[in-house]
Amino acid sequence: GRDITALLTNPGEAKSPHEAYFFYRGDRLEAVRSGKWSLHLNHSYRSLKDQPGKDGIPGPYIQKQTEVTLYDLEKDLSQKRNIAEDYPRIVNRLQDLAKKFDASLRTNSRPKGSL
Numbered sequence: 065g066r067d068i069t070a071l072l073t074n075p076g077e078a079k080s081p082h083e084a085y086f087f088y089r090g091d092r093l094e095a096v097r098s099g100k101w102s103l104h105l106n107h108s109y110r111s112l113k114d115q116p117g118k119d120g121i122p123g124p125y126i127q128k129q130t131e132v133t134l135y136d137l138e139k140d141l142s143q144k145r146n147i148a149e150d151y152p153r154i155v156n157r158l159q160d161l162a163k164k165f166d167a168s169l170r171t172n173s174r175p176k177g178s179l
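Number 142 in my numbering belongs to position 78 of the sequence shown; there are no gaps in the numbering.
In structure tokens form, the structure reads like this:
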């Protein structure tokens, strides 16, 4: 890894030593952050169905699917406006980074608990 202390202690002036950061949920890559761009990859997730829960037990769940979304964090820090259609080259570049990183991680993985 690389030291990112300067990003935490002096975020206005420090530059990241990484081209991108990759976000996983379990073993599934779900997002990539590079500079001001945040790309969320399509993935499935579990959501509550229309029916409310009862007696402390949640209602039924359903599986949903997200679309690929892109956000400009300098203009939209709360990530509410998907601009993927406006920046297809950025989407393609970040998807390519994600595919390469994920493939490399899976190819070079070690068993849990080993160095």
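Note that CB positions come from ideal geometry on N, CA and C, so glycine has one too.
- Distance from the Cα of P116 is smallest, within the candidate group Y109, S108, Y125, R110, for Y125.
- With fewer than 16 other beta carbons inside 10 angstroms of its own, A167 counts as exposed.
- Considering only P75, L93, A70, the residue with the shortest C-alpha distance to R170 is L93.
- Counting the other CB atoms within 10 Å of its CB gives Y135 a total of 16 or more, which places it among the buried residues.
- Take the alpha-carbon of A70 and the one of Y85: they are about 16 Å apart.
- Contact between N106 and Q127 fails: their C-beta atoms lie close to 13 Å from each other, not under 8 Å.
- When secondary structure is reduced to three states using DSSP, E83 falls in the coil class, being assigned neither helix nor strand.
- DSSP, reduced to helix, strand and coil, places T73 within a helical segment of the structure shown.
- Secondary structure of E149 (DSSP, three-state): helix.
- Rounded to the nearest whole angstrom, the CA to CA distance from F87 to A95 is 5 Å.
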